[in-house]
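S.K.:
In my numbering, the protein residues as written are 6 to 132.
#1: Kindly indicate which three-state DSSP category residue 65 falls into: helix, strand or coil?
#2: Report yes if the CB atom of residue 76 is closer than 8 Å to the CB atom of residue 88, and no otherwise.
#3: If I measure Cβ to Cβ from residue 18 and keep anything under 7 Å in the same chain, skipping five residues before and after, which residues do I get?
#4: With three or more C-beta pairs closer than 8 Å as the rule, is the region 46-54 touching the region 20-33?
#5: Quick check on the burial criterion: 16 or more other C-beta atoms within 10 angstroms. Buried or exposed for residue 84?
#6: How many Å lie between residue 27 and residue 91 at the Cα?
#7: DSSP on residue 123, reduced to helix/strand/coil?
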């Protein structure tokens, strides 16, 4: 099998593993998922292909501390992180439910986008 075809197959395996994933996996977690299908794949290959999917706009990166998590939900949304179990949840907030200034003329800023990450305790950990 030539290198280009192998790279395409590896990218497809990685995309198939993550495209419906809601757990916001790290590269290490994606690596473990795809090794079940492609045992000889390397962590470096997984990482490079995740970056390629980010560049193509199929994934977004959520950086928590020093760790990158990958999210296939690329439309505008926010996140909730449980401080007990470290689970990352997608949350949708209707813009009419809150007001966020999108320009700060006194500072000379114009806001083009924003990210909102809420931290707290999830229902499972609240007991």
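Cβ atoms here follow ideal geometry from the backbone N, Cα and C, with glycine treated the same way.
M.R.: Looking at the atomic coordinates:
#1: Here the question's residue 65 lines up with position 60 in the chain shown. It is a strand residue.
#2: As a working note, residue 76 is residue 71 in the chain shown. As a working note, residue 88 is residue 83 in the chain shown. No, the pair does not count as a contact, with Cβ atoms beyond the cut-off.
#3: Taking the first residue of the chain shown as 1, we reach residue 18 at position 13. 39, 42 and 43.
#4: yes
#5: Stepping through the chain shown from its first residue, residue 84 is reached at position 79. Under this definition residue 84 is a buried residue.
#6: By 1-based counting over the chain shown, the position of residue 27 is 22. By 1-based counting over the chain shown, the position of residue 91 is 86. In a straight line, the C-alpha of residue 27 is about 14 Å away from that of residue 91.
#7: Position 118 of the chain shown holds residue 123. It is a strand residue.
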